[in-house]
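**Q** Mind looking over this structure? Questions follow.
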Amino acid sequence: MKIAVYCASSTAVSSSALKIGFSLGEEIAKAGHQLVWGGGAISVMGEVAKGVRSLGGYTIGVIPEKLTNVEFIDGDAHEMHVVEDMRARKGMIEKLSDGFIALPGGLGTLEELFEIWVGRYLGFHGKPISVLDPDGTYDSLRSALADLTEKNLLKPGQHELVKWCTNPLESISHLESEHRA
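Counting in our numbering, the sequence shown runs from 26 upward without gaps.
In structure tokens:
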């Protein structure tokens, strides 16, 4: 299966964020899956790809032309798709992937997570989604989502479309089980 990973490209992230990215990459490769990601060689993005390749796994990058110098395009990717813009990037990642894992990240990561989540809810795809958050970075986000649900702004069934996990194996197992279903 091809697993998309949404994650940080900021070089100011903690060393633990980098480690979890590399570990997730290793587990994707160990499970025999391929990585689809934003194509960057820096920060968590780069670590996930390095983790996959460290165990002989296959990586497929998708990066907008404008970001090839900002995110330092990963020259070691097995495949690299350079697209026009962010919308094209997100569309191609969705099309290429069989499931999605979001790690803690900033606005871009959140946008990707919410877009793929809404797409699943609306039936544009039926692919599984997991959030891998071992350190509780998204605890306040989860509280905000619970508050929105309590106020009837999130609809019944929306929460159940995303599995919140604390370790890479749990995230990958969720994608595998939902993909087979």
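All residues carry an ideal CB built from backbone N, CA and C; glycine is no exception.
Please report the residue range of the alpha helix (DSSP H) in which GLU104 lies.
**A** It is not in any alpha helix (DSSP H) - GLU104 instead sits in the beta strand (DSSP E) that spans 104 to 108.
**Q** Cα separation between LEU98 and HIS184?
**A** Here the sequence assigns Ile to residue 98, which means Leu is not the residue at that position. Note on geometry: alpha-carbon atoms of ILE98 and HIS184 lie some 34 Å from one another.
**Q** Let me check understanding here. Comparing Cα to Cα, which of GLU109, CYS190, LYS91, LEU170 lies closest to PHE139?
**A** LEU170
**Q** Going along the chain, which residues of its own chain have a beta-carbon closer than 6 Å to the beta-carbon of LYS90, five neighbours each way excluded?
**A** In the sequence under discussion, the amino acid at residue 90 is Glu, which differs from the Lys named in the question. Only VAL107 meet the Cβ criterion.
**Q** Compute the beta-carbon to beta-carbon distance between GLY63 and SER34, rounded to the nearest angstrom, for a pair I have assumed lies under 8 Å.
**A** Right, their Cβ atoms sit about 7 Å apart.
**Q** Output yes or no for whether 8 Å exceeds the beta carbon distance between VAL77 and LEU92.
**A** In this structure, LEU92 does not lie closer than 8 Å to VAL77 by Cβ.
**Q** Considering just the uninterrupted stretch of the beta strand (DSSP E) at TYR83, what are its terminal residues?
**A** Run containing TYR83: none; DSSP gives neither H nor E here.
**Q** With DSSP collapsed to three states, give me the class of SER155.
**A** strand
**Q** Could you have a look at ILE45 and say whether DSSP puts it in helix, strand or coil?
**A** helix
**Q** Spell out the partners DSSP gives TRP189 in its beta bridges.
**A** VAL156
**Q** When you compare the CB positions of SER196 and ILE126, do they come within less than 8 Å of one another, or not?
**A** yes
**Q** Using 8 Å as the threshold, is the C-beta distance between GLY46 and LEU121 below it?
**A** no
**Q** State the start and end residues of the unbroken beta strand (DSSP E) segment that holds TYR163.
**A** Run containing TYR163: none; DSSP gives neither H nor E here.
**Q** State the start and end residues of the unbroken beta strand (DSSP E) segment that holds LYS180.
**A** That residue, LYS180, is in no beta strand (DSSP E); it is neither H nor E in DSSP.
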